[in-house]
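Peer 1: Going from the sequence shown to the numbering used here is simple: count from 1 and add 2.
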Amino acid sequence: MESYARDGFAIFGTGLGPELARLRLRFIDVYRRIAGCENDGDIIDLYHGPDRDKWVAVFHQLERLPEVHGLAAHPAILSAVRGMGIVEPALSTFTPCVRVDMPDDDAKWRFDWHQDVVFECGSRNGVTVWFPVQAVGLTRGPLLLDAGSHRQGVLGHGDDGMIGDYSPMDFRAIRTSLGQAVGFSQFLVHKSGRNRSNKVRFTVILRYSDLACPEYQARKYYVQRREPVGGLGVFNQSPRHGGHIGDQASRPQEARP
Ligand SMILES: O=C(O)CCC(=O)C(=O)O
Numbered sequence: 003m004e005s006y007a008r009d010g011f012a013i014f015g016t017g018l019g020p021e022l023a024r025l026r027l028r029f030i031d032v033y034r035r036i037a038g039c040e041n042d043g044d045i046i047d048l049y050h051g052p053d054r055d056k057w058v059a060v061f062h063q064l065e066r067l068p069e070v071h072g073l074a075a076h077p078a079i080l081s082a083v084r085g086m087g088i089v090e091p092a093l094s095t096f097t098p099c100v101r102v103d104m105p106d107d108d109a110k111w112r113f114d115w116h117q118d119v120v121f122e123c124g125s126r127n128g129v130t131v132w133f134p135v136q137a138v139g140l141t142r143g144p145l146l147l148d149a150g151s152h153r154q155g156v157l158g159h160g161d162d163g164m165i166g167d168y169s170p171m172d173f174r175a176i177r178t179s180l181g182q183a184v185g186f187s188q189f190l191v192h193k194s195g196r197n198r199s200n201k202v203r204f205t206v207i208l209r210y211s212d213l214a215c216p217e218y219q220a221r222k223y224y225v226q227r228r229e230p231v232g233g234l235g236v237f238n239q240s241p242r243h244g245g246h247i248g249d250q251a252s253r254p255q256e257a258r259p
């Protein structure tokens with residue numbers, strides 16, 4: 003993909019529109035099972051009501067659904083990431099990430115300007131696939147990015163992995179129709195757009211490394227659970243990179259010794 007090398011990202015069609023429409027219904031179905039929600043409005047009410055822990059419970063189950071994992075192996079996605087230079091794809095993360103971006107939510111759940119390389123530490127040519135599960139226009143929380151910014155290398159960032167003050171050179175707010183996805187270099191500077199609509203934005207995010215990448219091989223295929231071997235000089239930091247993570251108090255698994 004020519005534009006990928008130039009811009010650090012590419013919007014591509016997957017042909018998976020009907021599957022994604024079914025996946026969105028499946029997500030709502032899990033909200034129905036756990037919390038009795040029938041539609042986006044009910045999910046929004048649940049989020050703002052006294053039973054938010056149920057919302058959080060569903061949130062944690064969505065990325066565990068087999069349908070979500072199936073997307074990671076779908077030929078259309080694998081073919082696209084190969085077109086972006088990945089020869090032998092392997093997921094850089096243990097599981098896909100599912101974001102559930104609520105209308106006009108607290109800014110703390112959105113990512114500020116950052117580069118995925120700081121978090122994932124996968125192969126240098128690693129690609130993130132940002133896969134919205136419905137059309138995303140300018141009001142539904144589009145992906146915001148700085149085209150061409152992947153050529154700057156790793157930028158300075160805080161302990162939270164965010165760049166802080168950043169002036170994009172070529173700012174883009176990415177609109178996607180159902181079935182389109184965005185593949186981007188893990189060096190691309192990007193951030194979350196705010197969901198200003200009255201509907202939920204579901205997004206599946208898949209991150210791929212390349213087992214055929216010599217640089218990754220030289221680092222002994224580092225994954226975050228081990229100390230870095232060699233590295234690009236940024237891999238001693240690995241803040242959490244999971245999107246909306248729900249309320250800390252509702253995540254007892256993190257309090258375990
Ligand atoms: O979906 C979003 O709002 C942004 C996600 C993101 O920046 C990421 O996962 O790296």
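Every residue gets a Cβ at the ideal spot worked out from N, C-alpha and C, and that includes glycine. Values in this document were obtained by computation on a predicted structure and should not be read as measured data.
1. Identify which residue in Glu-90, Ala-92 and Ile-13 has its Cα closest to the Cα of Phe-133.
2. Alpha carbon to alpha carbon, what distance is there between Ser-81 and Met-3?
3. Could you tell me if the beta carbon of Ser-94 falls within a distance shorter than 7 Å of some heavy atom in ligand 1?
4. Return the CA-CA distance between Asp-9 and Ala-78, expressed in angstroms with no decimal places.
5. Heavy atom of ligand 1 less than 7 Å from the Cβ of Asp-114, yes or no?
6. For my contact list, Leu-73 and Val-100 are in at a C-beta cut-off of 8 Å; report their separation, rounded to the angstrom.
7. Rounded to whole angstroms, what's the CA-CA distance from Ser-169 to Leu-147? Just pull it up for me.
8. Using three-state DSSP, classify Pro-136 as helix, strand or coil.
9. Determine the extent of the beta strand (DSSP E) in which Ser-15 is found, giving its start and end residues.
10. Do you know how far the Cα of Gln-117 is from the Cα of Ala-7?
11. I want to check one thing, is the minimum distance from the CB of Thr-205 to the heavy atoms of ligand 1 below 7 Å?
12. Where does the unbroken beta strand (DSSP E) through His-116 begin, and where does it stop?
13. Below 8 Å on the Cβ atoms is my contact criterion, and I expect Phe-121 with Gly-163 to pass it. Report the Cβ-Cβ distance as a whole number of Å.
14. Among all the DSSP beta bridges, which residues are the ones paired with Met-164?
15. Is there at least one non-hydrogen atom of ligand 1 closer than 7 Å to the beta-carbon of Lys-193?
16. Ordered along the chain, which non-local residues of its own chain (more than five positions away) have a Cβ less than 7 Å from that of Val-83?
17. Taking Pro-85 and Asn-127 to be in contact with their CB atoms under 8 Å, please state how far apart those CB atoms are, rounded to whole angstroms.
18. Just verifying my parser: in three-state terms, what is the DSSP assignment at Asp-107?
19. Could you tell me whether the region 174-185 touches the region 15-35, where touching means 3 or more Cβ pairs closer than 8 Å?
20. Kindly indicate which three-state DSSP category Asp-31 falls into: helix, strand or coil?
21. Would you kindly work out how many angstroms separate the C-alpha atoms of Asn-197 and Ala-109, rounded to a whole number?
22. Would you say Ala-220 and Val-89 are within 8 Å of each other, going by their C-beta atoms?
23. For Arg-142, which three-state DSSP category applies?
24. Is Thr-97 near ligand 1, judged by its Cβ being under 7 Å from some heavy atom?
25. Could you name each continuous beta strand (DSSP E) segment of 3 residues or more that falls completely within the region 168-209, going from the start of the chain to the end?
Peer 2: So, from the data block:
1. Ile-13
2. 11 Å
3. no
4. Their Cα atoms are separated by approximately 21 Å.
5. no
6. With a Cβ gap of about 10 Å, Leu-73 and Val-100 do not count as contacting.
7. One C-alpha to the other measures close to 11 Å.
8. First, the amino acid is wrong: residue 136 is Gln here, not Pro. Coil, per DSSP.
9. Position check: residue 15 holds Gly in this sequence, whereas Ser was assumed. From DSSP, the beta strand (DSSP E) with Gly-15 extends over 11-15.
10. 16 Å
11. yes
12. For His-116, there is no enclosing beta strand (DSSP E), as DSSP marks it with neither H nor E.
13. Confirmed, about 6 Å.
14. His-116
15. yes
16. Closer than 7 Å at Cβ, skipping near neighbours: Pro-91, Val-129, Val-131, Gly-185 and Tyr-210.
17. Per the sequence presented here, residue 85 reads as Gly, with Pro not at that position. With a Cβ gap of about 12 Å, Gly-85 and Asn-127 do not count as contacting.
18. coil
19. yes
20. helix
21. 10 Å
22. With respect to Val-89, Ala-220 sits apart: the two C-beta atoms are not nearer than 8 Å.
23. Per DSSP, reduced to three states, the secondary structure at Arg-142 is strand.
24. Thr-97 Cβ: outside cutoff for every heavy atom of ligand 1.
25. 173-176, 182-187 and 192-194
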